[in-house]
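What follows is a set of notes on a single structure, which appears directly below.
In my numbering, the protein residues as written are 15 to 155.
Here you go:
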């Protein structure tokens with residue numbers, strides 16, 4: 015399976031808390047879902063998706079759209095119609111594409127509506143290097 019295009023069609027974001035209000039124990043859950051798979055033309059298929067970043071009691075960001083893929087095959091389409099699931103390898107490729115593309119948008123949107131970034135921000139902890147003092151004693155080899 016090869017992803018040929020990725021498109022966002024809807025973005026919805028809402029903050030429930032007031033600006034500057036302190037909310038303790040914020041839990042951020044990111045989720046991607048494949049909502050529909052359909053054949054477009056020949057070997058081209060369209061996969062509709064929904065990405066959400068939920069901030070417990072604080073707000074949410076929802077991004078919807080579709081991506082086009084080739085090389086999926088009729089058997090995969092039949093399995094989707096029957097079980098609403100893609101094969102594991104194809105599903106991994108699709109979900110990784112959704113998360114990697116939508117996460118960038120979600121970070122920018124979260125900044126605009128004053129929500130924390132939907133990813134853990136790395137903490138920098140610079141360690142002071144130990145001082146190197148000249149030796150008082152005799153060095154023995």
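Glycine residues also receive a C-beta, built at the ideal position from the N, C-alpha and C atoms.
Minimum C-alpha distance to residue i - residue among the options
i: residue 133; options: 40, 28 and 20; result: 40
i: residue 47; options: 82, 110 and 53; result: 110
i: residue 79; options: 87, 21 and 43; result: 21
i: residue 57; options: 31, 42, 88 and 33; result: 88
i: residue 125; options: 92, 75, 98 and 97; result: 75
i: residue 43; options: 99, 67, 34 and 33; result: 67
i: residue 8; options: 59, 38, 33 and 34; result: Here the chain comprises residues numbered 15 to 155, so residue 8 is not present and cannot be evaluated.
Buried or exposed (CB count within 10 angstroms, at least 16 for buried), residue i
i: residue 45; result: exposed
i: residue 24; result: exposed
Sub-8 Å separation of residue i and residue j beta-carbons
i: residue 104; j: residue 90; result: yes
i: residue 127; j: residue 64; result: no
i: residue 108; j: residue 61; result: yes
i: residue 94; j: residue 51; result: yes
Own chain partners of residue i with C-beta closer than 7 Å, once the 5 adjacent residues on each side are dropped
i: residue 129; result: 29, 69, 72 and 73
i: residue 15; result: 83, 85, 86, 104 and 107
i: residue 49; result: 62, 63 and 64
CB-CB length for residue i against residue j, believed under 8 Å
i: residue 123; j: residue 27; result: 5 Å
Close-in-space but distant-in-sequence residues of the same chain around residue i (CB under 6 Å, 5 per side omitted)
i: residue 116; result: 65 and 77
i: residue 17; result: 81, 83 and 111
i: residue 33; result: 128
Cutoff 8 Å: residue i Cβ touching any chain B Cβ
i: residue 18; result: In the displayed structure, chain B is absent; only one protein chain is listed.
Cutoff 8 Å; reference residue i; Cβ partners in own chain excluding five residues on either side
i: residue 36; result: none
i: residue 101; result: 90 and 93
Any non-hydrogen atom of the ligand PLP closer than 7 Å to residue i Cβ
i: residue 53; result: With respect to small molecules bound, the structure shown includes none, and the ligand PLP cannot be examined in it.
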